[in-house]
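This report refers to the structure that appears directly beneath it.
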Amino acid sequence: MVGPLLHRIMVNQFTRLRDGDRFHYLNHLPAELVKMVEKQTLATIIRRNTDIGDELQENVFLSAEETSAGRSSNNRDKSSQDSRRR
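Below is the structure:
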């Protein structure tokens, strides 16, 4: 976590880096291709490039137990933030 001033400085710096990067995909692709690229998930890419089929859950960053228990990444983020505040 950072304070509001450092946060604003970091956002400003990364925005300038992105906008000044002549190879960044947002600077060259038409809007419909940008939407298509941004809809891709890591699970989609893994499925497309391997023989792993439907056995891979949609959120590859969660274990199968967490996915089946209904735990989302948002819940995990909130619980880890709460524990850091204490």
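In the UniProt record's numbering, the protein residues as written are 1 to 86.
For each residue, glycine too, the CB sits at the ideal point set by N, CA and C.
Starting from the C-beta of residue 1, find all residues in its chain whose C-beta is less than 6 Å away, skip the five residues before and the five after it, and write them out in chain order.
-> none
State the DSSP-derived secondary structure class of residue 4, mapped to helix, strand or coil.
-> helix
Could you spell out the range, first to last residue, of the alpha helix (DSSP H) harbouring residue 32?
-> 31 to 38
According to the neighbour-count rule (16 or more other Cβ atoms, all chains shown, within 10 Å of its Cβ), is residue 11 buried or exposed?
-> exposed
Thinking C-beta only, is residue 58 closer than 7 Å to residue 69?
-> no
CA-CA distance, residue 112 and residue 19?
-> It is not possible to answer for residue 112, since the shown part of the chain is limited to 1 through 86.
Alpha carbon to alpha carbon, what distance is there between residue 49 and residue 56?
-> 13 Å
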